[in-house]
Amino acid sequence: MIDDEREGEIRASIEPATEDAPSSPGSSGYAGEGGDSSSTTSGSHFEIEHEEIQEDTRIEIDRISISDSHTGWIPGKRHFDEDDASLSWRKRKKHFFVLSHSGKPIYSRYGDEHRLAGFSATLQAIISFVENGGDSVKLVRAGKHQVVFLVKGPIYLVCISSTEEPYESLRGQLELIYGQMLVILTKSINRCFEKNPKFDMTPLLGGTEIVFSSLIHSFSWNPATFLHAYTCLPLAYAARQAAGAILQDVADSGVLFAILMCRHKVISLFGAQKASLHPDDMLLLANFVMSSESFRTSESFSPICLPRYNPSAFLYAYIHYFDADTYLMLLTTSSDAFYHLKDCRIRVETVLLKSSVLSEVQRSLLNGGMHVEDVPPMPHSGSSHLGQQMLPSDSPDRFKEVNSGIGGPSGLWHFIYRSIYLDQYVSSEFSSPINTPQQQKRLYRAYQKLFASMHDKGIGPHRTQFRRDENYVLLCWVTQDFELYAAFDPLAEKDLAIKTCNHVCQWIKDVENEIFLLGASPFSW
Amino acid sequence: MGCGSSLLDGDSRQLGRPISENGAGQDAKNLRVKLVLLGDSGVGKSCIVLRFVRGQFDPTSKVTVGASFLSQTIALQDSTTVKFEIWDTAGQERYAALAPLYYRGAAVAVIVYDITSPESFTKAQYWVKELQKHGSPDIVMALVGNKADLLEKREVAVQDGTDYAEKNGMFFIETSAKTADNINELFEEIAKRLPRPSVS
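If you read the protein sequences in the order shown, they are chains S and Z. According to this note's numbering, the stretch in the first sequence is residues 87 to 611, in order. According to this note's numbering, the stretch in the second sequence is residues 2 to 201, in order.
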C-alpha cells in the first residue's frame, strides 16, 4: 500500500536554479558585453513575448501523434527561411542549438544554421565568458524562458525554452541530442576539432536533419526519452519466446546484438555474452533507423555507434524491414560480416514466418496495449464513487459526480508503469478524455515534471506524490521494484485513486509475461 | 514491401546456383558480380538502382544511410545471365572513409554524377582516382551522367564526360532514372564488358 503520502510536497522544489547559482555572476556580465542591445542576453533577448504563444500555430510542426503512428507529424526540418531576426523564429517555444566551441553552428531546430552564425557566436560567447571565470553555465532564466547549456568537449548544446519543462528534463534532452550525434559520428569527431579548432562539422551531418527533428519530436510523445527505459510490444508469451530463441541462436553465431522491433517497441532482443545495451542507446538507434527512410527500401549495412556501449567506435548494423512496421537490427563489430548477417536474417525470417510471429505483431498493433477501461474492477471496494470520502474543501464545485463512464475505474485516465529491474516501461493507451495530441503532450509534460521531482536529489527520494490541478489528479508511487505514474480525472477521490493504482499494479503483474520481455535480458550494466 | 530483395535471394537458391562468399562460385553461363555505386550525395544513385531493380522512380529524395544492398539478374542475348549484387552507397561526406568497405572486391564500379552539377562531376573524378589506387586492378568502371532529362539545366557537357571516361578507360553513358532512359542499357553494357570465366 501507499504510505508516506503528502500532498503537494514538491511544489516548492522544482526550481533547479539554486544549483546554478554560482554561474549567475556570468549573467550580469553578458549585458555589458557588446553594446548591441538586440543581441545581449540580459533578459530582453530571451524574453521574447509574455503573452501566451501558441506553439507553432502557423504550421502544426509540433503536433504529436496518437500512440506510435506518426500521422499528423510530417518529418523533417521546417522554417529554413527563418533566422534570429524573424519574429516567427523568436516566437518558437523551444529551440535547440548545437555549435562548436569556436562558435560555428552545427545544428539548429529552426532556421538555417548558416544564417544563425551570429547567434551561435553569441551563445559561444556566453559559455566561454563563464568558463574563463573557472565556472560553467548550466542555466539562465530570463522571464518565461530557460536557457540550458550542455558542454561536451568541443561541442556545445543549448536549449532555449518557454515550455516550463524542468531543467533536468531539458538537460536530458540535450544529452540525447548529443548521443544522437555520436550514433552518427562517434566521439572521434573530437579529433577533428583538435586538429582544427575552426572545423566545420555541418557537412559531416549532411542529410541527418530528419534524424534530429524526429528525436526532438519524440521528446513530446515518447516517454522513453525521460524514463530511460524501453517498452515492448504486447505479445503472447509463446510468440515472444519463439522470436527470442532465434535471436539468441543468431547472437551465438557472432552477432553482438540482435534486436527485433516494431516501430519504437521491442518484440525481442538478445545480446552476446556480457554485452549490455542501454535503453537510451536503443531509443537513439530506433530513432535513427525509423527516421531514415532508406532503410525501408532495402536491406542495409551501415556503421553505427552506440554511445553508452562504446562512444568511440563504430559498430556495423545490418537492418532489414520485414514489413512496414517490423524490422530487424543485427549489430556486429566486424565490418565484413554483411553476408553472414544476411544469412542470419533469412534464418530469423523463416522462423518468424513459420511461428506466425509477424502476423501476431500486426494483430497486437491493431489491438493496442493496455486500456484503462480494462483495469479489473475492484473486488471489495465497499465504497461507491460518491460521498464516502472527504474531498478537498478548497473548491466547492468538486462535489460533482465523477464521471466514471469515460476512462477507467475511479476516473483513471492513463498510467505508465516502469519496472526498475527490467528497465522497461508499459504505458496505457490514451483514453477518451485525453484523445487529442495537445492533451497527450500536456500529460507527458506533467509526467516528466513528476519524474524530475521524484528523482530530484536535492529533495528526494520520495515514495509517493499526489497532486491535483485543474487538468488532472496525478499520482506517483515509487518502490524499489517499480515506478507508477497515473493520471485521473481532476475530481477523482484520493483513496479510490490509490486503490486503483494498486489494482493497476496487480493487473500488470498478472500479465507481465505478455507486456514485458522477461528472462535472459542483456540489460545488466 | 521490403521483402523484394529477400525474394530474389530465395529465387537464386531455388535455381540451384552455387553460392559462395566471395562470389567466385559461378559458371560461364551464369555470372554473379558485385557492383558498387559511388558518387556525390543527391546525384541519383539510389534512383538508378531502384529503376533498374524494381522499375520504380520516387521523386521524393531519401538519403541513403551507409549502403543499401539490392540484387537483380539480367539475361543477355547469348543466353547467359548476370546477377548483379549492388551496393548502393551513401554519398555523404562522413561515409567517404568507409567506402572501401563496399568497393572492396567489387568487379564493377558505377560512378555517378549529376549533369546539372559540376561539383558532382569533380567528385566523380575523385572516386575514379580512388578506385584506380585502391580498387581491384581489373575492375570494370562506368561513368554515368544522371538526370539527363534536365537538359535545360545542364552544366556538364557530354563531351566532358566522354573525354574523361576515354582517358581513364571507362565506359560512359548519360541516364535518366526519372524517364528510365538508358538505365537498362547501362547495366547491359556493363554485363557485356565483364570478363568471362570461360575465357581463362
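We put the beta carbon where it would ideally sit given N, CA and C, even for glycine. Note that the structure is a prediction, hence the values are computed from the model and not measured.
Helix, strand or coil at residue i [DSSP, three-state]
i              : result
residue 435(S) : helix
residue 383(S) : helix
residue 216(S) : helix
residue 35(Z)  : strand
residue 540(S) : helix
residue 313(S) : helix
residue 487(S) : Confidence in residue 487(S) is poor, its pLDDT being 38 and thus under 50, which makes the residue's placement unreliable; the coordinate value appears in the next sentence. DSSP places residue 487(S) in coil when its eight states are reduced to three.
residue 74(Z)  : strand
residue 159(S) : coil
residue 374(S) : helix
residue 85(S)  : This structure does not reach residue 85(S), given that chain S is present from 87 up to 611, and the question cannot be answered.
residue 273(S) : coil
residue 347(S) : strand
residue 406(S) : strand
residue 267(S) : helix
residue 246(S) : strand
residue 620(S) : Residue 620(S) is absent from the model: chain S starts at 87 and stops at 611.
residue 57(Z)  : coil
residue 185(Z) : helix
residue 301(S) : helix
residue 614(S) : Because chain S in this structure spans residues 87 to 611, residue 614(S) falls outside the shown range and cannot be described.
residue 511(S) : strand
residue 287(S) : coil
residue 5(Z)   : Because the pLDDT of residue 5(Z) is 33, which lies under 50, any placement of that residue in the model is unreliable, and the number read from its coordinates should be weighed accordingly. Three-state result, residue 5(Z): helix.
residue 548(S) : coil
residue 84(Z)  : strand
residue 196(Z) : coil
residue 239(S) : coil
residue 446(S) : helix
residue 424(S) : helix
residue 391(S) : coil
residue 506(S) : coil
residue 526(S) : helix
residue 414(S) : strand
residue 196(S) : coil
residue 28(S)  : An answer regarding residue 28(S) cannot be provided, because it is not within the stretch 87 to 611 covered by chain S.
Chain-ordered neighbours of residue i on chain S, where CB pairs are closer than 8 Å
i              : result
residue 177(Z) : None at all; the shortest Cβ gap to chain S is about 20 Å.
residue 137(Z) : By Cβ distance, chain S contributes nothing, its closest Cβ being about 15 Å from residue 137(Z), past 8 Å.
residue 42(Z)  : 292 and 293
residue 118(Z) : Neighbours of residue 118(Z) on chain S: none; closest Cβ ~15 Å, over 8 Å.
Amino acids of chain S, ordered along the chain, whose beta-carbon sits closer than 7 Å to that of residue i
i              : result
residue 121(Z) : In chain order: nothing, as chain S lies at least about 14 Å away.
residue 80(Z)  : Residues of chain S passing the Cβ test: none, with the nearest at roughly 28 Å.
Chain Z residues whose Cβ lies nearer than 7 Å to that of residue i
i              : result
residue 289(S) : 94
Closer than 9 Å at the beta carbon, the chain A residues around residue i
i              : result
residue 271(S) : No chain A appears in this structure, whose protein chains are S and Z.
May I ask you to list, following chain order, the residues of the stretch 86-103 of chain Z that have a beta carbon less than 7 Å from some beta carbon of chain S?
From the stretch 86-103 of chain Z, only 93, 94, 95, 99 and 102 have a Cβ closer than 7 Å to chain S.
Taking a cut of 7 Å between CB atoms, which residues from the stretch 369-393 of chain S lie near chain Z?
Those residues of the stretch 369-393 of chain S that come within reach of chain Z (Cβ to Cβ, closer than 7 Å) are 378, 379, 380, 381, 382, 383, 384, 385, 386, 387, 388 and 389.
Within 8 Å, do at least three Cβ pairs link the stretch 305-316 of chain S to the stretch 264-278 of chain S?
Contact between the stretch 264-278 of chain S and the stretch 305-316 of chain S is absent, because fewer than three Cβ pairs lie under 8 Å.
Listed in chain order, which residues of the stretch 52-76 of chain Z have Cβ atoms closer than 7 Å to some Cβ of chain S?
For the stretch 52-76 of chain Z, which is checked against every Cβ of chain S, the residues closer than 7 Å are 63, 64, 65, 66, 67, 68, 69, 70 and 71.
Please list the segments of the beta strand (DSSP E) lying wholly inside the stretch 87-173 of chain Z, counting only runs of 3 or more residues, in order along the chain.
Correct list: 109-115 and 141-147.
Meets three-Cβ-pair contact criterion under 8 Å: the stretch 293-313 of chain S and the stretch 332-347 of chain S
No: the two stretches stay apart, fewer than three of their Cβ pairs being nearer than 8 Å.
Segment contact, 8 Å Cβ cut-off, at least three pairs: the stretch 559-570 of chain S with the stretch 405-420 of chain S
No: fewer than three Cβ pairs fall under 8 Å.
Could you tell me whether the stretch 436-444 of chain S touches the stretch 359-378 of chain S, where touching means 3 or more Cβ pairs closer than 8 Å?
Below 8 Å, too few C-beta pairs join the stretch 436-444 of chain S and the stretch 359-378 of chain S to call them touching: fewer than three.
When you check each C-beta in the stretch 415-447 of chain S against every C-beta of chain Z, which residues fall closer than 9 Å?
Going along the stretch 415-447 of chain S in chain order, one finds 421, 422, 424, 425, 426, 428, 431, 432 and 435 with a Cβ nearer than 9 Å to chain Z.
Going along the stretch 183-198 of chain S in order, which residues come within less than 8 Å of chain Z, judged by CB to CB distance?
Those would be none; no residue qualifies.
Hey, is the stretch 297-306 of chain S in contact with the stretch 425-434 of chain S, meaning 3+ C-beta pairs nearer than 8 Å?
Taking one beta carbon from each stretch, the stretch 297-306 of chain S and the stretch 425-434 of chain S have fewer than 3 pairs nearer than 8 Å; the two do not touch.
Does the pairing of the stretch 574-584 of chain S with the stretch 491-498 of chain S give three or more beta-carbon distances under 8 Å?
Taking a cut-off of 8 Å on C-beta distances, the stretch 574-584 of chain S touches the stretch 491-498 of chain S, as three or more cross pairs fall below it.
Measuring CB atoms only, is the stretch 70-82 of chain Z touching the stretch 50-59 of chain Z, in the sense that at least three cross pairs come out at less than 8 Å?
Touching, per the Cβ criterion.
Does the stretch 275-286 of chain S come close enough to the stretch 178-196 of chain S that 3 or more CB-CB pairs lie under 8 Å?
Taking 8 Å as the limit for Cβ pairs, the verdict is that the stretch 275-286 of chain S does touch the stretch 178-196 of chain S.
Count the CB pairs spanning the stretch 105-114 of chain Z and the stretch 133-150 of chain Z that are closer than 8 Å, and state whether there are at least three.
Flag = yes, the stretch 105-114 of chain Z and the stretch 133-150 of chain Z touch.
Contact the stretch 452-459 of chain S vs the stretch 510-522 of chain S: 3+ CB pairs below 8 Å:
Between the stretch 452-459 of chain S and the stretch 510-522 of chain S, the count of Cβ pairs shorter than 8 Å is three or higher; the stretches touch.
Assess contact between the stretch 215-224 of chain S and the stretch 191-201 of chain S, defined as three or more Cβ pairs (one per stretch) separated by less than 8 Å. Is contact present?
The stretch 191-201 of chain S and the stretch 215-224 of chain S do not touch, with fewer than three beta-carbon pairs separated by less than 8 Å.
So, do the stretch 153-166 of chain Z and the stretch 112-124 of chain Z have three or more beta carbon pairs nearer to each other than 8 Å?
They touch, by the three-pair rule.
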